[in-house]
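Heads up, the thing below is written out as structure tokens.
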Amino acid sequence: MHSNAELFSIFSFYSHDGYISLNSNFLEANVINITLLLLGLIYVLKQFLGAILLDRQQKVLLTIQEAEERLQQANIRLSEAQKQLEQTQMIIQEIIDEAKSTAQKVRQSILDQGQLDVERLTIASKVSIKTAELQIRQQIQQKVIALAIKRVTILLQNQVTKSMQSQLIDNSIIQLGE
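Heads up, the sequence shown is in the numbering used here, so the first residue is 12 and it goes up one at a time.
What follows is the structure, given as structure tokens:
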């Protein structure tokens, strides 16, 4: 094999005549060998690099396709999650509305029950007061009667004589016999 200087001698310039020229002897410069070597190298590298680049392109396209599929799935999941969120918010609002309605009904029921209890207590206290008044009247009447009887008894004891007593007893016995 020739030295590197000989391989690239076609590219070397001569300057012995005072001007620069290109070596035109193709055989001496190994231009044919270099050209064949370059063409073979290009052919082999083209197939090798083409296969690598094609494989790489397929991998990139597959990765892009997988990424697009994941994006679509993520968008679908996002859409479903948003629908679920909306449904959950609607359910929460319904629960809140129902709770408010129930609280209002319970409040009104408690107020109504309290009103009924107050009315019952008022009626019961009126009845209790009337009963107490009746009992007090009866007690007063009994005391008045007892005092009147006591007074009449005292008056009778002072005014009734023994002959009047025997006449009263006789009249009572006659009435019993009849």
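We put the beta carbon where it would ideally sit given N, CA and C, even for glycine.
{"Check": "Rounded straight-line distance, which links the Cα of residue 121 to that of residue 112", "Outcome": "14 Å"}
{"Check": "Where the alpha helix (DSSP H) containing residue 71 begins and where it ends", "Outcome": "42-170"}
{"Check": "Span separating the alpha-carbon of residue 155 from that of residue 146", "Outcome": "14 Å"}
{"Check": "Residue 22 classed as buried or exposed, judged by whether at least 16 other C-beta atoms fall within 10 angstroms", "Outcome": "Since pLDDT at residue 22 reaches only 46, below the 50 mark, its modelled position is unreliable, and the value read off the structure follows with that caveat. That one is exposed."}
{"Check": "Cα-Cα separation between residue 81 and residue 61, rounded to whole angstroms", "Outcome": "29 Å"}
{"Check": "Distance between residue 159 and residue 177 (C-alpha atoms, nearest Å)", "Outcome": "24 Å"}
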